[in-house]
Structure formats: C-alpha cells, structure tokens
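Going by our numbering, the letters in the sequence shown line up with residues -4 to 134, in that order.
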Amino acid sequence: MLQLNNIQWATETGEKILNGVNLTVPDGKLTVITGPNGGGKTSLAKVIANTTSADFTQLNATVAGKKDMEEVIQKAKSTMAMYGKRTILFIDEVQKAPELFPELEKIVNKSRLENGNKNSNGMYILSGSNRQKLLENSK
-4 MLQLNNIQWA TETGEKILNG VNLTVPDGKL TVITGPNGGG KTSLAKVIAN
46 TTSADFTQLN ATVAGKKDME EVIQKAKSTM AMYGKRTILF IDEVQKAPEL
96 FPELEKIVNK SRLENGNKNS NGMYILSGSN RQKLLENSK
C-alpha cells in the first residue's frame, strides 16, 4: 500500500497545483482519480511517480487500446522483476472511453492472479472527470 500525506506541489512560478492532498493507493487495485479539467489529476500521478521513484507511463484512453495496456503491464512486470521498480500506468480521458475500464480491470485482475494474488507489477491509476458512470464502474 502506498500512503502519501499532505502532498504539496507548485509550479516554478509558485502557483500551487496540489495543496494538502492525502492519498492511499492499495496494492493491486485500480485507483480512480476524479476531478475537473485542470484539477491536478495528472500532476498528482506524476508526483506519486516521483515520490515513489516509480516508472511513469501515460496513455490516453481515446487512442489507447487493450493491447497498449497489456504491453505496459508486461513491461511493468519486467521492470519489477529486474530492478524492483514499480510502474504507474496513468490513463487520461478514461471517461471518454468507458469500455476500456472493464478491460483494464480484467487485465489487472488476471495479472494479480498470475502472481499469487500479489501486486508485483506496481500500481494502476486512472484519471477521469466527475462522471457518476466512471465511479460506479470502479466499485
């Protein structure tokens, strides 16, 4: 489990992007970060990657497919096995391609089962806007 408390992050000009954010990310679970455009979802994912020294891969749901996600997860497995380094897969605009959410969930669950129900691949973080359908799919 990853637990970050009181995350602060600002631009070089001092504009606060994240201020006092607390976040718990369970191992082996999809985590949905929701918020309005410009709300700091991508920034938060990058801060998590930097804070944890994880590899960061960003895909856009409107152009990425199941094969792209599977490739990232396979690379994450190799990176974890070879270097002990986690990977954060951040999928932006997931609300525009809701059909990808169940596919990603299947990929993550399959990967977890292959690893004895342990999350040896890293974390998976999804970004979307405030869409009730997206939140319902995450349960």
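Yeah, the Cβ is synthetic: ideal placement off N, Cα and C, and Gly gets one too.
>> Checking the sheet assignment: what are the DSSP bridge partners for K91?
In response: According to DSSP, K91 bridges with nothing at all.
>> Can you tell me whether E131 is helix, strand or coil according to DSSP?
In response: Low per-residue confidence applies at E131: pLDDT is 45, beneath 50, and the placement is therefore not dependable enough to give any value.
> Any chance the stretch 77 to 96 sits against the stretch 37 to 48, with 3 or more Cβ pairs inside 8 Å?
Replying inline: Enough Cβ pairs lie closer than 8 Å, so yes.
>> Alpha carbons only, please: which of F96, T19, T37 is nearest the one belonging to F85?
In response: Minimum Cα-Cα distance from F85 among the listed residues F96, T19, T37 corresponds to T37.
> Hey, how far is the Cα of N112 from the Cα of K105?
Replying inline: Only weak support exists for where N112 lies, its pLDDT of 49 falling under 50; the coordinates are left without a value.
>> Restricting to Cα atoms, I'd like to know which of M77, E88, K62 is closest to K101.
In response: Here the closest residue by C-alpha is K62.
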